[in-house]
Each structure stands twice: as structure tokens, then as C-alpha cells.
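Chemist: Below is one structure. I have some questions about it.
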Amino acid sequence: MWKHVLIGALCGAVLLTAGILLGHYGIQGGAAAPAWVEDVGRDVDEGLIKEFLSQVDNVQIQEFLRELSKAPHMATTPGDEKTAQYVLQRWQDAEEGLDKAWREEYKVYLSFPDPENPNKVTVVNASDAVLYAVREKEKSYTPDQDHPEVVQPYAAYSPPGHAKGKLVYANLGKPSDYLLLNKTLDLRGTIAITRYGGAGRAPKAINAAPYGVVGVLVYTDPGDINDGLMSDVNETYPYSWYLPPSGVERGSFKTHFGDPLTPYLAAKEDTYRIPPANITGVPPIPTQPIGFEDAYALICELGGDAAPTDWQGGFNCTYNFGGPGFKPGSQFDNSDVKLDIYNQGELRNSANVMGVIRGSVEPDRYVIYGNHRDSWVHGAIDPSSGTSVMLEITRVLGRMLKQGKWRPRRSIIFGSWGAEEFGLIGSAEYTEQYYARLSERTVAYINVDISVFANATLRASGMPSVQNVIFTAAKQVDAPGRGSTSVYQNWIRYTNRTSPAHGIIPSVGYLSGAGSDYAAFVHYLGIASMDLSYTYDRTKTRARIYPAYHTAYDTFDYASRFIDPGFVSHQAVARTAGNVLLRLADSLVLPLNCSDYAESLESYLSEALDLFQLILTNQKISMEPLKKAVAKFRSAATALDQLIQSLDRANETPLKVRRINDQLMLLDRAFLDPLAFPDKYGYRHVIWASSSTVLPTFPGLSDAVLKANSSTLPGDWEQAHKQLSILSQAIEGAAHTLGDVV
């Protein structure tokens, strides 16, 4: 009995104490609640965002870029080490630094030309005498091109070797190009020359090898990059932004992202490594990029039939298939093209530089902002335009932090990724090392690689859920050179679409490939991501990308004279990206919109029905499960959006807000299926995986249906049905995550 009395007394005391505390803090005018109570309910501070925008300085960005692009800084070289130390020093600054900054070291497998044996491309006659030699080094116009660390143009991960054969022209090096070419002539033992664009770098050689092609040349056609201009007397750099004739686009000829010897494992010192001979997704035959002045000399001498109209480029001659080989009577008649490639693979130490601002309320929720640091040569635009923007954002936020004006609700992680140019290595290794933590805790990833391609308008790509926060930020930033016009208003003039829900809005692209460091975050981790930049007016140029891309001409002089004089577009990107960052880090309810996601799924569904429903019905495969899944997703998204809109944010319980935020944060994880694409390394997101087609619809389904329709094999139709089921169940599963807990 005494035991029961004692327990009752204790319970009563606990209840009384709780009541006193509740009454104490609940009575109007009573003692203030603990500081954390106010902190938990804090929402994004619009005044602080305005202060941030006012402090972003274009001159400071210019000086960051000047410093970062002083010397070539290819991954793992002394120049790269200097930029790593510079970024680390900035983030450890006592007055403008972050809470913490450090280096994350990896040992990665990279590919370099042999400095003692430069790669050579020559035209040789029957006795092996050299009739023509391709330029090994780009022509100098400023002292930048004479820097001793300027690397010879080469195709990273091309195997070493010696190949000789008759030259043929293979257009863009797509599978369909080689198929057509092979119908016209015997490709065995030939050397193919291809244009950049249309297909990835490595596939230009990978697609060629099955036909017996023994070597591949790649060049940038002036029709694709220079609007046809070719003269360095008055048309190209240093007179304009166009590529000089000797300019060569370097690049990684590797299809997989991450370190090639440690697939799905972080490349630490003691990590298991596969033998280099087992690397996949790289050229199986010697490959070398060249300038268009040399491509002109070769292509205009080719014999054989004229190539189709859509194979023709910017040269003032007819592009022929090749005989194979050169025209009868040409200076190269009966001659071969010879490739002598001396590339070598090496294990090198590469570093990410990491920085963090710790969150005050939800430190275990991360907003990650990243940009790679390494370049092929000076890299003023790629990537230093992005690094200079990131350093300016961290300078302004770091000063606010050190002055005690601000601390974010959630933690912000900054990543200066290493070895991106060799296949997104630094960011991929980071996601592999911290896979579990990042999967559970990351709210979003912001990527700003090349921050400014040109100075016309904003360009953005991302998951549909991030569209709204980008729009909100862009509306608050003035477009450079446009008076009171906002970045948003300027953007909508250049590229727009009609949304069923929002009317006419700017077009936001999708992150369906692996063009930059967002790849591992999107495809491997399923994290809501975006990629932001300023770009050019596509009605005024046909340029595939900014013309000096990956060449020795991508310098501070080029950037300051032709890309963004005054660095005001850099400033606009810094303001926009920083605004997005603050909203993701500080908003009480995450500014992610699942109804916008539903709209994109419905658009993809409509396209899939138009393209595939009749084909699949003829195979007795129903698309009804996919229709129902998308409808369920729409219903769940609408319900969650209505719940968010009805929240009394000032009085809502923290646990309810956290639950909703987790639903928004984890949405894209629901679309991951590690077994969906066994032949696509690193791709697990069933909505945004890469596709072999350009169709604006679900990638796995479209690839499978088109393959089956082409082959008509029963096994391929089974795979099409399987992809339909994978897709339908992933979308339905994602809908479930947006609904009630049970």
C-alpha cells in the first residue's frame, strides 16, 4: 500500500511541476521562455537576405578570379595545390571565414600525356615519310599560353598506342553515324575524325571500335562553336570570344563518374582497387583531340562520296565520307593518318577543400553548395568563375557570422571539389565516403560550376521541386544592365514555357545527365539539386558552349574582355545562388514544391502515352499502372501542399514541421532503385537517369521500348515491361512518402 501511495505522490509532483512550468512560460507578461523556443520557430529573415544581396561585390569577385586563374591548375599539379591552399585560407580567415574548414584527401587514378614523348598526329606516305604534322601546342596570343604548366591537348583516359590507317569522316561519332558510314565503306583498319557534340567524348571512340576503326580524332567545328568564323587575323580571339583555329578542347574521355579504380568505394589510401585493365567506359583505341585548323586540312582533302547534309560543318568545302582516305590527286593521295599516343595512368593525391557553417536549430540537416576547383589550363571560366562566386558568397556570409549577425537554422556545407575534369571525381568520392550521412541528412545541393558562360540571362536546371525557390530568389535580384528589371523578368524573355499551374514561367532544365558535380548527388543519392549559371542569347549564336572551353585561351583576359566585362553577371549569379542558399538553410518549412514535381511527371506521362501506348498495347503490355501511379502522386502532392499552406507557422509544433520537412527532403530518395539500370554506372534515379534518346520522357522506359521495337526480340519486350513496372512502383512509392505517416 505504501508503495502505491509513494508512486502516486511522485506522479502528482511531476504533474504539478509540469503545470507550474507551463503556466510560468504561458502567462502573458511572465518570464521569457528559453532562447531556443524563439529560435525553433524562426523563419527566413528577408531583411538579412537584402543585406546579403547588398554586400555581394562584383570587384571582389573579379579579384578572386584574377588570383584563381593566374596559372594553370590541372588536378593534382602544383597550380591545383596553390588554389586548394587559397580556398582553405579564405575559409579559415579570422574575420570572414567559416566555422570550420579542412581538406579531404583521396588517392585517385588520373591520365596524363607523357611530357617526354608528346602525342603526335601525322599524315604519312607509303614509306612512312611525314607529309603533314598536326600542331602539338596551341598558338600563343598572350603570355598565358606560354606558361610552362600548359598541358598539351590530349584525351584523358585514351590508351597509349600507335594506330595508322586511311582517314574517314564520322560526323559526331554517334552509333547511327558509324552504322551509316559502315554501309558506305569498309571501316576496318581506318582512322575516324569526328566533331565534338552529339555524343559524349568517350563514346566517339567506343562506338567506333566494333567496326574495326583503330583510332579516333576529335575536333571542334567552327560551325558548331564559332558561327562559322575561322580567321585569327580579325575574327577570333584575341579579337573576339571565338575560338582561334589552333584551339583544342581537352577533356576526360570516360563515361563513368568517380575514380575509375574504386567503383562505389571512396578512393582512400587503403581502398581496394580494380586493375587498370578492368576499367570500363573509356576508349578502347587511341584517341586525340585536334584544332579545327588541322581538321580543315584533313577533312577538305577526303575522297569518297559526299556526306549527308546534316553531317556538313563550317568549312568551305564538302565534307566527304573518305574513300576511305584522301582524294586522288590530293597532296595526301594514298597516304595514311598516324596516331602516336603516349598517355599514362597515375595514382595521384587529390583534395577536396570543405567548409561548414553549423546550424543553430537543425545542425543535422545539410544544405550543400559546391563547385570544382581544378581546370584543364588557366580555367578562368571553367571552373574559376564558379569558385570566385562561391568565395564571394562565403566572404559575405562569413563576415555576418563572425559579426554575430546571423547563424543559419540548418548547417551549410561548402565543397571545393578536386579532379572534376577527370570525371567528377572529388564530388563522387565525397558522396561514396559519406553515403549514409548524406542520404539521411541532406536537404539540397546547389551546384555553380561555370557561373557565367556569357552575360545575357540566367540558366537553371534542377529537380522540379527546386523550381519555386529559384524563381523566388531570381525575382529579388536585378538583372545586370537591365535597369530595374529582375533576373526573373529578364530570364522569362529569353526562355519560357507555359505551366498549367503557373502560366508563363522561365524554363528550368532537368539534371538528366552527368555534366557537372551534381551528378552523384542526383543519380546516386537522390538529393534535390540544381545547377545555376548565366548564359548567352541563343538567338545570336549557335555556339555549343562558350568557344574557349577547355582550351589555353580560357584566361582572365578572355573572361574580363569577352565573357563578363565588369563582372556584373558573376555578381547576379552570386546574389541569386546565395539567396537560394539562405532560403534553403533558414526557412522554417523547406521551400521545396512537390506539386511542381507532379506537373513534370504528368508531362513525362503525356509524352510516354503519345509515343508508346499503342506500341505497348500491341505487345499486351498495359500502361494503366503508370497512369494510376502518376495520379496518386498528384493527389498526395496536392494534399501535402494544402497542409503546408494551412500551417500556422508561428504556433506549429516543431515535430510537425520537422515531419513535413523530412517528407519534402526525402522525396527524391523514393525514386532511387539500385537495380533499375545495371548497365549504367552510378545511375539509380528512375526519373532523371541518362537516356540514349533525346525524348522528353521517362529514360528507362523510353530506352527499353525503343530497343525492343527495333530488335523485336521477346526478351527486349520483357525488359520494356520490367522498366514500366520499376517506374510505376517508384512513382507510387514516392506518393506514399508524401502522405500521412501511416
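Numbering of the sequence shown is given in the working numbering, commencing with residue 1095 and proceeding in unit increments. Glycine included, every Cβ here is placed at the ideal spot set by N, Cα and C. These numbers come from a predicted model, not from an experiment.
1. Does DSSP classify phenylalanine 1206 as helix, strand or coil?
2. To the nearest angstrom, how far is the alpha carbon of leucine 1675 from that of proline 1207?
3. Could you name each continuous beta strand (DSSP E) segment of 3 residues or more that falls completely within the region 1265–1315, going from the start of the chain to the end?
4. In angstroms with no decimal places, state the Cα-to-Cα distance between tyrosine 1559 and leucine 1686.
5. To the nearest angstrom, report how far apart serine 1205 and proline 1380 are at their CA atoms.
6. Can we say the region 1513–1523 touches the region 1346–1355, given the rule of at least three CB pairs closer than 8 Å?
7. Per DSSP, which residues does glycine 1794 bridge with? Please list them.
8. By DSSP, does serine 1545 sit in helix, in strand, or in coil?
9. What residues are listed by DSSP as bridge partners for valine 1138?
10. Note down, one range per segment and in chain order, each alpha helix (DSSP H) of at least 4 residues found wholly within the region 1367–1431.
11. Tell me the rounded alpha-carbon separation between arginine 1763 and serine 1424.
12. Could you tell me if cysteine 1411 is buried or exposed, where buried requires 16 or more neighbouring beta carbons within 10 angstroms of its beta carbon?
13. Give the range of the beta strand (DSSP E) segment to which asparagine 1465 is assigned.
14. Looking only at C-alpha atoms, which of Gln1156, Gly1453, His1644, Val1327 sits nearest to alanine 1250?
15. Quick one: measure Cβ to Cβ for valine 1461 and valine 1537, integer angstroms, because I've assumed they're closer than 8 Å.
16. With a threshold of 6 Å on Cβ separation, who are the neighbours of alanine 1637 within its own chain once the five nearest residues in sequence on each side are excluded?
17. Once the 5 residues before and after isoleucine 1121 are set aside, which same chain residues still bring their CB inside 6 Å of it?
18. My understanding is that proline 1166 touches valine 1224, with C-beta atoms under 8 Å, so please give their C-beta distance in whole angstroms.
19. Answer with buried or exposed for proline 1304, where buried requires no fewer than 16 other C-beta atoms within 10 angstroms of its C-beta.
20. Please list, in chain order, all residues of the same chain as leucine 1116 whose beta carbon is under 7 Å from its beta carbon, the five residues on each side excluded.
21. Which residues mark the beginning and the end of the alpha helix (DSSP H) in which asparagine 1443 is found?
22. Rounded to whole angstroms, what's the CA-CA distance from methionine 1484 to tyrosine 1463? Just pull it up for me.
23. Check for me: the alpha helix (DSSP H) holding arginine 1184 runs from which residue to which?
24. May I ask you to report which of helix, strand or coil DSSP gives leucine 1811?
25. Distance, Cα to Cα, glutamine 1497 vs arginine 1452?
26. Starting from the C-beta of phenylalanine 1650, find all residues in its chain whose C-beta is less than 6 Å away, skip the five residues before and the five after it, and write them out in chain order.
27. Using DSSP with H/G/I as helix, E/B as strand and the rest coil, what is isoleucine 1519?
28. Quick one: Cα of glutamine 1823 to Cα of isoleucine 1754, how far?
29. Can you tell me the Cα-Cα spacing of glycine 1123 and alanine 1573, whole angstroms?
30. Within the continuous alpha helix (DSSP H) that includes alanine 1227, where are the two ends?
31. How would you write the range of the beta strand (DSSP E) that serine 1623 sits in, first residue to last?
32. Could you give the first and the last residue of the continuous alpha helix (DSSP H) run that contains phenylalanine 1727?
33. So, do the region 1708–1717 and the region 1579–1599 have three or more beta carbon pairs nearer to each other than 8 Å?
34. What is the rounded straight-line gap between the Cα of glutamine 1817 and the Cα of phenylalanine 1792?
35. Can you find the residues in the same chain that come closer than 6 Å, C-beta to C-beta, to arginine 1282, ignoring five residues on each side of it along the sequence?
36. Can you grab the Cα-Cα spacing for the pair serine 1270 / aspartate 1280, in whole Å?
Modeler: Taking the structure as given:
1. strand
2. 40 Å
3. 1285–1289, 1309–1313
4. Checking the sequence shown, residue 1559 turns out to be serine, not tyrosine. One C-alpha to the other measures close to 5 Å.
5. 13 Å
6. yes
7. Beta-bridge pairing links glycine 1794 to no other residue.
8. coil
9. Note: valine 1138 sits in no beta bridge, so no partner.
10. 1386–1393
11. 60 Å
12. exposed
13. 1456–1466
14. His1644
15. 5 Å
16. Ile1319
17. Since pLDDT at isoleucine 1121 reaches only 39, below the 50 mark, its modelled position is unreliable, and the value read off the structure follows with that caveat. Nothing meets the Cβ criterion.
18. Not confirmed; about 29 Å, so no contact.
19. exposed
20. No answer about leucine 1116 holds up, because its pLDDT of 39 lies below 50 and its placement is not dependable.
21. That residue, asparagine 1443, is in no alpha helix (DSSP H); its beta strand (DSSP E) goes 1438–1451.
22. 8 Å
23. 1172–1185
24. Rather than leucine, the amino acid found at residue 1811 in this sequence is tryptophan. The answer is helix: DSSP assigns tryptophan 1811 an H, G or I state.
25. 15 Å
26. Arg1160, Ser1163, Ala1474
27. helix
28. 22 Å
29. Any reading at glycine 1123 needs caution, since the residue's pLDDT is 47, under 50, leaving its predicted position unreliable; the model's value is listed next. Roughly 47 Å between the two C-alpha positions.
30. It is not in any alpha helix (DSSP H) - alanine 1227 instead sits in the beta strand (DSSP E) that spans 1224–1227.
31. 1623–1629
32. 1718–1739
33. no
34. 10 Å
35. Gly1306
36. 16 Å
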